[in-house]
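Each residue of the sequence shown is one higher than the one before, starting from 1 at the first, in UniProt numbering. For reference, the structure is listed below as structure tokens.
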Amino acid sequence: MANDPLLSHEDFAALLPATGRLIGLDLGTKTIGLSLSDLGRGIATPLETIRRKKFGVDAARLLEICTQHQVCGLVIGLPLNMDGSEGPRVQATRAFARNLAPLTDLPMTAWDERLSTAAVTRTLIEADRSRARRAELVDKMAASYILQGLLDRFAHMRRAASTEPTDRP
């Protein structure tokens, strides 16, 4: 897509400094779950949940958090259908990224978030969390699940690059 600010994982990685935090987003219609990586980008931690109001208010809060935590890139959950096709929620996610892009220089990528909320909800049920507590935690934990997926992919890419044979004379 020509206007799509969501970069491939490889292009996104190439734009990042050697160390720095990434922020993960789980975009819902009522909330935005946020998670934050450590500086070495090994672990994602749930951060907070933004109650959605209007795009301008939501974007301002998100960018304030990015500045506060010195974030160097955004990872946005892409809610693909189970068959991999793109439905209305994917279009809304892409629109959010397109609208956010003029407001920030931070690079953005997407991560397939299929089943992230279901996996997190199952974990919270197994941990015997009340329905109210699950509702409070699920969005930011889903964002953490999304971000951790990309962090694990980056770790795999680094391992693969370090084990490639080098040409020797």
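For glycine and all other residues, C-beta sits at the position ideal for the given N, C-alpha and C.
Coil, strand or helix - residue i by DSSP
{"i": "ARG61", "result": "helix"}
{"i": "ALA161", "result": "helix"}
{"i": "LYS54", "result": "coil"}
{"i": "ALA14", "result": "helix"}
{"i": "SER144", "result": "helix"}
{"i": "GLY149", "result": "helix"}
{"i": "ASP83", "result": "coil"}
{"i": "HIS156", "result": "helix"}
{"i": "ASP139", "result": "helix"}
Beta-ladder partner(s) of residue i, from DSSP
{"i": "MET108", "result": "LEU6 and LEU74"}
For residue j and residue i, the rounded distance between their alpha carbons
{"i": "ILE43", "j": "ILE146", "result": "11 Å"}
{"i": "PRO102", "j": "MET157", "result": "30 Å"}
{"i": "GLN70", "j": "ASP83", "result": "36 Å"}
{"i": "SER37", "j": "GLY20", "result": "8 Å"}
{"i": "PRO107", "j": "LEU100", "result": "11 Å"}
{"i": "CYS66", "j": "GLU86", "result": "28 Å"}
{"i": "THR45", "j": "GLN148", "result": "8 Å"}
{"i": "THR109", "j": "GLY56", "result": "21 Å"}
{"i": "THR29", "j": "ARG153", "result": "27 Å"}
{"i": "LEU25", "j": "THR31", "result": "10 Å"}
{"i": "PRO79", "j": "ARG41", "result": "23 Å"}
{"i": "ALA89", "j": "ASN81", "result": "As written in the sequence, residue 89 is Arg, which differs from the Ala given in the question. Approximately 9 Å between the Cα atoms of the pair."}
{"i": "LEU47", "j": "ALA18", "result": "22 Å"}
{"i": "LEU16", "j": "THR104", "result": "15 Å"}
{"i": "LEU39", "j": "PRO5", "result": "24 Å"}
{"i": "LEU27", "j": "ASN3", "result": "20 Å"}
{"i": "PHE96", "j": "TRP111", "result": "15 Å"}
Residue i: first and last residue of the uninterrupted alpha helix (DSSP H) it sits in
{"i": "ARG89", "result": "88-100"}
Endpoints, the beta strand (DSSP E) within which residue i is located
{"i": "LEU25", "result": "21-27"}
{"i": "LEU34", "result": "31-37"}
{"i": "LEU47", "result": "44-51"}
Residue i burial status per 10 Å Cβ neighbour count (16 or more: buried)
{"i": "VAL75", "result": "buried"}
{"i": "ASP139", "result": "buried"}
{"i": "THR49", "result": "buried"}
{"i": "GLU113", "result": "buried"}
{"i": "ALA161", "result": "exposed"}
{"i": "ARG94", "result": "buried"}
{"i": "ALA60", "result": "exposed"}
{"i": "SER8", "result": "exposed"}
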